[in-house]
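For the sequence shown, this note's numbering begins at 45 and goes up steadily by one.
Have a look at the structure below, then the notes.
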Amino acid sequence: MKVGIISLAHGHGISYANALNEIENASLVGIADESCERGQKAAERFQTKYFQAYEELLQQDIDAVVITSENAKHHKHVLAAAQAKKHILCEKPLSTSVEDAWEMIEACKKNNVKLQTAFPVRFNPSIVRAKKALDEGQIGRILAIKGTNRGWNPGGWFIDKTLSGGGAVMDHTVHLLDIMRWFMGVEVQEVYAEQGELFSNSGIDDAGIVTLEFTNGVFATIDCSWSRNKSYPKGGDITLEVVGTDGIISIDTNEQHILIFSEKVGAVKSFWGDSMDYGLVKDFINNIVEDKQPSISGYDGLKAVEVALAAYQSSKNCLPVKL
Numbered sequence: 045m046k047v048g049i050i051s052l053a054h055g056h057g058i059s060y061a062n063a064l065n066e067i068e069n070a071s072l073v074g075i076a077d078e079s080c081e082r083g084q085k086a087a088e089r090f091q092t093k094y095f096q097a098y099e100e101l102l103q104q105d106i107d108a109v110v111i112t113s114e115n116a117k118h119h120k121h122v123l124a125a126a127q128a129k130k131h132i133l134c135e136k137p138l139s140t141s142v143e144d145a146w147e148m149i150e151a152c153k154k155n156n157v158k159l160q161t162a163f164p165v166r167f168n169p170s171i172v173r174a175k176k177a178l179d180e181g182q183i184g185r186i187l188a189i190k191g192t193n194r195g196w197n198p199g200g201w202f203i204d205k206t207l208s209g210g211g212a213v214m215d216h217t218v219h220l221l222d223i224m225r226w227f228m229g230v231e232v233q234e235v236y237a238e239q240g241e242l243f244s245n246s247g248i249d250d251a252g253i254v255t256l257e258f259t260n261g262v263f264a265t266i267d268c269s270w271s272r273n274k275s276y277p278k279g280g281d282i283t284l285e286v287v288g289t290d291g292i293i294s295i296d297t298n299e300q301h302i303l304i305f306s307e308k309v310g311a312v313k314s315f316w317g318d319s320m321d322y323g324l325v326k327d328f329i330n331n332i333v334e335d336k337q338p339s340i341s342g343y344d345g346l347k348a349v350e351v352a353l354a355a356y357q358s359s360k361n362c363l364p365v366k367l
């Protein structure tokens with residue numbers, strides 16, 4: 045399977061490139077990046093070819109592309125890849141508007157290419173085991189879910205709304221919303237959120253609490269804040285507590301680690317566990333090889349964007365938003 049990468053603007057691009065190099069039936073044959081320095085450096089690291097224009101990469105003999113560009117550029121990159129008949133793994137959030145997401149989905153359908161949204165958290169071992177336990181009814185009927193996806197303020201284009209579409213609410217709500225939809229197989233029917241700028245002077249939301257009501261009556265909250273400073277041992281901390289009629293499941297996706305305490309750098313978590321990014325990319329490749337529908341569809345990506353945008357609307361108007 046010959047794969048190219050369009051843009052390394054998002055840090056996950058490097059992790060996905062590493063995964064492609066580890067997968068036996070996949071090869072990374074090119075990287076396109078507007079930044080010559082970044083693109084050439086990555087191409088040398090992964091011993092592949094560099095293209096400054098993504099259009100040139102799409103003209104190559106490749107089967108698929110991984111898109112890790114700035115959020116606002118996903119739309120044009122997905123449309124171009126679909127027209128070039130390349131299967132697509134697109135970084136989250138799928139787009140910065142629901143309208144763009146629909147257009148991306150329809151373009152891929154029209155050109156008969158697969159569109160998979162990059163939600164790697166589905167492949168975290170703790171999440172996978174929790175999903176199995178829930179499907180088996182081990183804690184009975186779900187009543188409520190509390191989730192956190194906190195981390196550092198990434199800076200750069202993430203705090204430029206024209207490129208990111210939003211701050212912490214856009215960046216971090218979508219992961220947990222996808223997991224909650226996957227766990228229960230139902231949709232959000234109402235969103236209430238509060239967001240603001242509490243931890244930085246970046247000019248964009250860096251704090252948010254999103255409250256959700258699902259069609260099955262379950263209530264959930266997501267703390268999506270960039271509330272961790274650079275000295276915090278881990279950039280993010282995805283946790284979930286699922287409360288059921290017969291029990292509770294508590295999940296910490298970063299538990300596979302050792303702690304290192306150094307006088308020079310302070311406390312550091314050294315992660316040793318399974319790579320969920322590898323699981324995501326491996327799944328994407330397998331879906332193409334076996335001609336299966338994407339396990340995380342473009343529609344899944346669209347629904348996550350819909351909720352994030354509803355959270356902004358709710359916060360602005362100080363009212364719940366019905367979907």
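Think of the CB as a built atom: it goes at the ideal place given N, C-alpha and C, for glycine as much as any other residue.
Predicted model, so just to flag it, every value in this text is computed and none were measured.
Assuming threonine 140 contacts glycine 57 (C-beta within less than 8 Å), just tell me the rounded distance between them.
-> For the purposes of this step, residue 140 is taken as the residue at position 96 of the sequence shown. For the purposes of this step, residue 57 is taken as the residue at position 13 of the sequence shown. Cβ-Cβ separation between threonine 140 and glycine 57: approximately 18 Å, too far for a contact (criterion under 8 Å).
Taking valine 230 as the reference, give the member of Asp344, Leu363, Gly55 and Phe202 with the closest Cα.
-> Numbered from its first residue, the sequence shown carries residue 230 at position 186. Considering only alpha carbons, the answer is Asp344.
Starting from the Cα of glutamate 100, find the closest Cα among Glu81, Lys85 and Val73 and give me that residue.
-> Here the question's residue 100 lines up with position 56 in the sequence shown. Ranking the options by Cα distance to glutamate 100, first place goes to Val73.
When you compare only the Cα positions, how much space is there between histidine 119 and threonine 283?
-> Within the sequence shown, residue 119 is the residue found at index 75, counting from 1. Within the sequence shown, residue 283 is the residue found at index 239, counting from 1. Rounded to whole angstroms, histidine 119 to threonine 283 spans 30 Å at the Cα level.
Inter-residue CB distance, histidine 216 and glycine 195 (contact presumed, cutoff 8 Å) = The count along the sequence shown starts at 1 and reaches residue 216 at position 172. The count along the sequence shown starts at 1 and reaches residue 195 at position 151. Correct: roughly 7 Å between the Cβ atoms.
Extent of the continuous alpha helix (DSSP H) to which glycine 46 belongs | The residue given as residue 46 occupies position 2 in the sequence shown. First, the residue type needs correcting, since residue 46 is lysine and not glycine in the sequence shown. Run containing lysine 46: none in the alpha helix (DSSP H); it sits in the beta strand (DSSP E), 46-50.
Collapsed DSSP secondary structure at histidine 54 in the structure displayed = Locating residue 54 in the sequence shown gives position 10, counting from the first residue. If DSSP states are grouped into helix, strand and coil, histidine 54 belongs with coil.
Locate the alpha helix (DSSP H) running through asparagine 331, then write down its first and last residues.
-> Position 287 of the sequence shown, counted from the first residue, corresponds to residue 331. Here the alpha helix (DSSP H) through asparagine 331 covers 320-333.
Within its chain, find whatever has a CB closer than 8 Å to the CB of valine 325; leave out the 5 residues flanking it on each side and keep chain order.
-> Indexing the sequence shown from 1 puts residue 325 at position 281. Hits under 8 Å: Tyr60, Ala63, Leu64, Ile67, Ala70, Val110 and Leu133.
Going by beta carbon distance, what residues of the same chain come within less than 8 Å of serine 208, once the five residues before and after it are set aside?
-> Within the sequence shown, numbered from 1, the residue matching residue 208 stands at position 164. Excluding its 5 nearest sequence neighbours in each direction, serine 208 has C-beta neighbours in its own chain below 8 Å: Glu114, Asn115, Ala116, Thr140, Trp201, Phe202, Met214, Asp215 and Ile248, listed in chain order.
Whose C-alpha, out of Glu350, His121, Lys158 and Ser341, is nearest the C-alpha of isoleucine 332?
-> Position 288 of the sequence shown, counted from the first residue, corresponds to residue 332. It is Lys158.
Out of curiosity, what's the CA-to-CA distance linking valine 286 and leucine 346?
-> Taking the first residue of the sequence shown as 1, we reach residue 286 at position 242. Taking the first residue of the sequence shown as 1, we reach residue 346 at position 302. Straight-line Cα distance between these residues: approximately 24 Å.
Could you please give the first and the last residue of the uninterrupted alpha helix (DSSP H) stretch that includes tyrosine 356?
-> Within the sequence shown, the letter at position 312 stands for residue 356. For tyrosine 356, the enclosing alpha helix (DSSP H) has its first and last residue at 342-361.
Residues bridged to arginine 194 [DSSP beta-bridge criterion] | On the sequence shown, position 150 is the one that residue 194 refers to. Per DSSP, the beta-bridge partners of arginine 194 are Asp281.
Specify the secondary structure class of aspartate 204 as computed by DSSP and reduced to three states.
-> By one-based count along the sequence shown, residue 204 stands at place 160. Coil, per DSSP.
When DSSP labels each residue in this structure, what does glutamate 138 get in the three-state scheme?
-> Taking the sequence shown and counting its residues from 1, one reaches residue 138 at position 94. Looking at the sequence shown, residue 138 is not glutamate but leucine. In this structure, leucine 138 counts as coil in the three-state DSSP scheme.
Contacts around asparagine 155, its chain only, beta-carbon distance under 7 Å, and the 5 residues preceding and following it disregarded | In the sequence shown, residue 155 corresponds to position 111, counting from 1. Closer than 7 Å at the Cβ level, and outside the excluded window around asparagine 155, lie Ala126, Gln127 and Lys129.
For phenylalanine 227, which of helix, strand or coil comes out of DSSP?
-> As a position in the sequence shown, residue 227 is number 183, starting the count at 1. Phenylalanine 227 falls in the helix class under three-state DSSP.
Excluding sequence positions up to five away, which residues of its chain have a Cβ less than 8 Å from the Cβ of methionine 148?
-> Position 104 of the sequence shown, counting from 1, holds the residue named residue 148. Only His118, His119, Val122, Leu123, Ala126, Cys134, Leu138, Ser139, Leu159 and Gly342 meet the Cβ criterion.
On a CA-only basis, which of Asn197, Ile253, Asp321 and Trp146 is nearest aspartate 362? Give me that one, please.
-> Along the sequence shown, one-based indexing puts residue 362 at 318. Reading the sequence as shown, one finds cysteine at residue 362 and not aspartate. Comparing Cα-Cα distances from cysteine 362 to each of Asn197, Ile253, Asp321 and Trp146, the minimum goes to Ile253.
Three-state secondary structure (DSSP) at tyrosine 276?
-> Translated into positions along the sequence shown, residue 276 becomes position 232. DSSP places tyrosine 276 in coil when its eight states are reduced to three.
Going by other Cβ atoms of all chains shown within 10 Å of its Cβ, with 16 needed for buried, is proline 355 buried or exposed?
-> Here residue 355 is taken as the residue at index 311 of the sequence shown, counted from 1. A quick correction: the sequence has alanine, not proline, at residue 355. Residue environment analysis places alanine 355 among the buried positions, since at least 16 neighbouring C-beta atoms fall within 10 angstroms of its C-beta.
Out of curiosity, what's the CA-to-CA distance linking histidine 54 and isoleucine 183?
-> As a first step, residue 54 is located in the sequence shown; it is residue number 10 there, counting from the start. As a first step, residue 183 is located in the sequence shown; it is residue number 139 there, counting from the start. CA-CA distance, histidine 54 to isoleucine 183, rounds to 37 Å.
Going along the chain, which residues of its own chain have a beta-carbon closer than 6 Å to the beta-carbon of threonine 265, five neighbours each way excluded?
-> Counting from 1 along the sequence shown, the entry for residue 265 is found at position 221. Closer than 6 Å at Cβ, skipping near neighbours: Lys190 and Thr255.
Any idea which residues DSSP pairs isoleucine 295 with across the strands?
-> Numbered from 1 along the sequence shown, position 251 holds the residue referred to as residue 295. In the DSSP output, where bridge partners are listed per residue, isoleucine 295 has Leu284.
Give me the Cβ distance between phenylalanine 246 and asparagine 197, rounded to the nearest whole Å; I'm assuming they're in contact under 8 Å.
-> Looking up residue 246 in the sequence shown gives position 202. Looking up residue 197 in the sequence shown gives position 153. Going by the sequence as given, residue 246 is serine instead of phenylalanine. The pair is a contact, with the Cβ atoms about 6 Å apart (cut-off 8 Å).
Cutoff 6 Å; reference aspartate 296; Cβ partners in own chain excluding five residues on either side | In the sequence shown, the residue the question calls residue 296 occupies position 252. Cβ contact annotation for aspartate 296 (same chain, cutoff 6 Å, sequence separation greater than five): Thr283, in chain order.
How about asparagine 168 and cysteine 268: are their beta carbons less than 8 Å apart?
-> As a working mapping, residue 168 is identified with position 124 in the sequence shown. As a working mapping, residue 268 is identified with position 224 in the sequence shown. It is not a contact, given that the beta carbons lie outside the stated cut-off.
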